[in-house]
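The working numbering puts the sequence shown at residues 210 to 365.
Backbone N, C-alpha and C fix where the C-beta goes; we use that ideal spot for every residue, glycine too.
Worksheet: one structure, shown below.
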Amino acid sequence: MKELPHSKSCFVCGSRNRFGLNLRFFTDGRIVETRFVPRPEDGGFVGVVHGGIVATVLDEVMVWACAVRQKRFCFSAEMTVRYVRPLLTGLEIIARGEMLEDRKGRIFLAKGELAHLDGTVVARSTAKYMPILSLDPARLLEDFEGTAEQMREFLP
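Printed below as a string of structure tokens:
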């Protein structure tokens, strides 16, 4: 699996966002995944991760899956999450995303899943993503860490 670039400011992958999750994403060219251990600060109820954090991580693995397959950055258009069971803080989790369909280059469909290391599913999601059409590559490159070559892979 190849590591994907990450930003400095993003809540999910930003290396300099002190309030963020600071996750790193990897891909085999089709599936995107990350592993993480939710912190107590990610909680809703004591010991249980807030559903918004669950949805955020799912969104990130799916949007990266679309970027990997389409070679361009996208943004969320619509997302559905099915919470299967509570995600507890302190337990390592795997998040995986995969792009399923390209609808004429305008909408990309993806699916995502969060599971414990033993394969027990915590949440599943589906989403629609749209390519970012007006993008300032220079500004985007300023916020990302990684090589320019890595980043150019995702720029129009």
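Beta-carbon spacing of residue i, residue j below 8 Å
i, j, result
"Val263", "Val221", "no"
"Arg333", "Arg291", "yes"
"Gly229", "Met271", "no"
"Ile341", "Ala324", "no"
Element boundaries [alpha helix (DSSP H), containing residue i]
i, result
"Thr265", "Gly260 to Gln279"
Rounded C-alpha distance that separates residue i from residue j
i, j, result
"Gln279", "Gly252", "34 Å"
"Arg233", "Thr243", "6 Å"
"Ala336", "Glu287", "5 Å"
"Asn226", "Leu309", "31 Å"
"Cys275", "Phe235", "13 Å"
"Lys211", "Leu296", "27 Å"
"Glu250", "Gly261", "13 Å"
"Val246", "Gly223", "16 Å"
"Glu362", "Leu213", "10 Å"
"Glu354", "Asp268", "20 Å"
"Arg315", "Met339", "6 Å"
"Arg248", "Phe317", "31 Å"
"Trp273", "Cys283", "8 Å"
"Thr289", "Leu350", "30 Å"
"Lys217", "Lys313", "32 Å"
"Asp327", "Ala319", "23 Å"
"Leu344", "Arg281", "10 Å"
Residue interval of the beta strand (DSSP E) (run including residue i)
i, result
"Cys283", "Cys283 to Tyr292"
"Phe317", "Ile316 to His325"
"Ser334", "Val330 to Pro340"
"Arg305", "Ile302 to Arg312"
"Thr371", "A question about residue 371 goes unanswered here, because the residues of the chain that appear run from 210 up to 365."
"Arg244", "Ile240 to Phe245"
Whole-angstrom C-beta distance between residue j and residue i, which should lie under 8 Å
i, j, result
"Val331", "Val293", "6 Å"
Residue i beta carbon near the ligand FAD (any heavy atom closer than 7 Å)
i, result
"Ala336", "For the structure depicted, the ligand FAD is absent and the ligand set is empty, with no information on it obtainable."
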